[in-house]
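Novice: Let me begin by handing over the structure; questions about it come next.
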Amino acid sequence: RRQPSFEHHYRCNAPDELRRYLLRAEVVARNAGCGCDGAVVIHADVTALELAKERLAVQREVAAALAAGRPVLEVCRELAWQVCQRLEWDAWELWGNDGAGQPRLLEVQAQPGVDVTPLIEATHAMAFQPGEGLAGRVWQSHRPQWVRDFANNPAFPRAAAAKACGVHTAVGVPLVSGDETFLMMSFFSRTRRREDPATIDLLMAIGAQVAEVSRRQRAELAARDAAADALASRAKFHAILQFAPGFIVEVDRDGRVQYINRTRTLPREQIIGQSWLATVPEAERARLEALLRTVLETGASVSYELELPNANGAPSFYTSQMAPLRQPAPDGEGGAERIVGAVIVGQDVTEQKRVQAELDAALRLAGVGTLAAGVAHEINNPLSSVIANLSLAVGDVGQLIDKGLDAGELLAELEDARDGAERIRAIARDLKTLARPKDEATSAVDATAVFESMLRLADNEIRHRARVIRHFEDVPLVEAAEGRLGQVLLNLLINAAQALPDGHAADHEIRVSVTRAADGTICLEVADTGPGIPDDIKRRLFTPFFTTKPVGGTGLGLTICDKIVRSFGGR
């Protein structure tokens, strides 16, 4: 009496299928015969319409989950929950690929309030082979399977477990994309349900969508992994190249730098993308451009040498190899690999050249030393006889003078000859000192005596250019190799002499000194009155190969001297 009509949707399932009904009640006018109000109640079978709505709702919810980009396993859980809730299934399971083409259990669950524990435990214990049981059959055939009396069918290993918990009907559906089964889902019901083609079609359609998404996600994941691996490999490769001993440069066909492992002066980011030729001296660009064209056009590798200034302005020497960089031809073009650029590997050989030049100088010096030692030895033998005979002659002439013979002039000449021979002997002895092997052991050495010895050897260079001023203090012996120390002092003396003009000895001095500093250091010094050393050259004095001599200079003299002195612990 408070409302004119009433409407209610309800379920009233048949023994083997789902049924949906609509109850509608409406007021009927008063019956004069009975004197009371009444109602007409109608029960309408709306199964087809309502189940169609439920299936549509399942599809809509799963589509929303897919559109949201949720992981495939979450989408499958959403599908299972929607099917169980809307189409009245009691439990579900999800199978995936074990990597070897066999089904592998991912998840099995029952609806809230439904106890199918024996079936769940049996499912966890099973490992289905293709063609075996519900999972194996669906996986192998790629086709759905509807089993109306699952619990009483001995062909299914879990039949007894299903019977123990009252499960009767099962349906398995593959999630297929192309010819590959990505996943497989099964649903279980405690009622015996006849096969429902509409439900199977729904699950197959949704399964195909999920499988396609799974396929794409796997492909995207594989692509991301491959890209990540490529980036990681490239990063690792570049990290390794950072510690490569030489320079490694990658350029494209236009000669622009695409990669460089290290730089000499400019930051790397200022070089990437710029012309490689802009980084080399202008005088070398035409030659190197021609070499690059040869590599790009012929695919042949080339070698070349290059001199570049380092950060200090001193020359550095590089030997380089330039080779083509190839890539496979794009898909559809076919043919062999194409040349897309070049790789340049440059090795700094400055030190090797310095060592080689030093070795050459040392070999020449060793040859001179060997010759000097031989000459000194050969001179000493006849010289000893000459000096001995001169001494006898001087003694004889002295006796004649004592007897009154006028032979004073002859005596003076003989004494001069003897002094000359003694000087020759001293020079020969000095040559033997200089000719000692460079690896001779150190010992206590009289630095002043070594200085005097080298002054005698350098006398021919010095006497026409300067006067020698000596300042030798009484100092302790020094720990050194006598021959090597003599090499250092002789080099300094000759450098000093060559800094002065020839023929003006009265106008110039070379001052040599041996002094002792307050801290006990023994200082050996050579100074001259020449023009001096310009400031821009001072910082390069000990740079290998640097020389101001127009001809004949190796640029290694002071470098070797510095090395020798440091080997004694000096500076």
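Using my numbering, read the sequence shown as starting at 1350 and increasing by one per residue.
Cβ atoms here follow ideal geometry from the backbone N, Cα and C, with glycine treated the same way.
Being a predicted model, the structure only gives us computed values, none of them experimental.
1. Report the partner residues of Q1676 according to the DSSP bridge assignment.
2. With the cut-off set at 8 Å, would you say C1425 and T1466 are in Cβ contact?
3. Quick check on Q1696: does DSSP put it in helix, strand or coil?
4. My output table needs one value for R1605: the three-state DSSP class, helix, strand or coil.
5. Please confirm whether F1891 and T1870 have their CB atoms less than 8 Å apart.
6. Which same chain residues end up closer than 8 Å to R1565 when comparing Cβ atoms and leaving out the 5 residues on each side of it in sequence?
7. Let's test the definition: count the other Cβ atoms within 10 Å of the Cβ of R1486 and tell me whether it reaches 16, buried, or not, exposed.
8. Between H1473 and C1361, what straight-line distance do the alpha-carbon atoms span, to the nearest angstrom?
9. Using beta-carbon positions only, say whether F1531 and A1560 come within less than 8 Å of one another.
10. Out of D1545, G1527, L1422, which one is the CA nearest neighbour of D1365?
11. Just to confirm my understanding: we take S1411, look at its own chain, exclude 5 residues before and 5 after, and list those with CB closer than 8 Å. What are they?
12. To which residues of the same chain is A1381 closer than 8 Å at the C-beta, ignoring the five residues directly before and after it?
13. F1917: which of V1824, G1835, R1602 sits nearest, CA to CA?
14. F1499 and H1517 look like a contact to me (Cβ under 8 Å); what is the Cβ gap, rounded to whole Å?
15. Measure how close the beta-carbons of R1860 and I1818 come, nearest whole angstrom, since I'm counting them as under 8 Å.
16. Provide the residue span of the beta strand (DSSP E) that contains M1534, from first to last.
17. What would DSSP say about A1381, mapped onto helix, strand or coil?
18. Would you list the one or two residues that DSSP bridges to I1913?
19. Rounded to whole angstroms, what's the CA-CA distance from Q1458 to C1433? Just pull it up for me.
20. Determine which residues share a DSSP beta bridge with G1556 and list them.
21. Using the beta-carbon count (16 or more within 10 Å), is L1838 buried or exposed?
22. CB A1829 to CB V1863, shorter than 8 Å?
23. Round the Cβ separation of R1602 and V1522 to the nearest angstrom and send it over; I've been treating them as touching at under 8 Å.
24. Alpha carbon to alpha carbon, how far is G1881 from P1850? Give it in angstroms, no decimals.
Specialist: With the structure as the only source:
1. R1687, per the DSSP bridge assignment.
2. Remark: C-beta atoms of C1425 and T1466 do not approach each other more closely than 8 Å.
3. Strand.
4. Secondary structure of R1605 (DSSP, three-state): strand.
5. In this structure, T1870 does not lie closer than 8 Å to F1891 by Cβ.
6. Scanning its chain for C-beta atoms nearer than 8 Å, with the 5 sequence neighbours on each side dropped, one finds no residue around R1565.
7. The residue in question, R1486, is buried, as its Cβ has 16 or more Cβ neighbours within 10 Å.
8. Going by the C-alpha atoms only, they are around 34 Å apart.
9. For F1531 and A1560, yes; Cβs fall inside 8 Å.
10. Shortest Cα-Cα distance from D1365 to any of D1545, G1527, L1422 involves D1545.
11. The question names Ser, but residue 1411 is Val in the sequence shown. Cβ neighbours of V1411 beyond the five flanking positions: V1424, E1427, L1428, Q1431, I1555, Q1558, V1559.
12. Note on A1381: pLDDT 48, under 50, position unreliable in the model; the coordinate value appears next. Annotation for A1381: no residue places its beta carbon closer than 8 Å to its own, counting only its chain and skipping 5 residues before and after.
13. Measuring from the Cα of F1917, the nearest candidate turns out to be G1835.
14. By a beta-carbon distance limit of 8 Å, F1499 contacts H1517. Their separation comes to about 6 Å.
15. The Cβ separation is near 4 Å, so the contact holds.
16. Start and end: 1529 to 1538.
17. Its pLDDT being 48, under 50, A1381 is placed unreliably in this model, and the value from its coordinates should be taken loosely. Looking at A1381 - three-state DSSP - the assignment turns out to be coil, as it is neither helix nor strand.
18. In the DSSP output, where bridge partners are listed per residue, I1913 has none listed.
19. Their Cα atoms are separated by approximately 11 Å.
20. Bridge partners of G1556: none, in fact.
21. The residue in question, L1838, is buried, as its Cβ has 16 or more Cβ neighbours within 10 Å.
22. 8 Å or more divides the Cβ of A1829 from the Cβ of V1863.
23. Actually they do not touch by this definition, with Cβ atoms about 55 Å apart.
24. Each residue's alpha carbon lies about 13 Å from the other.
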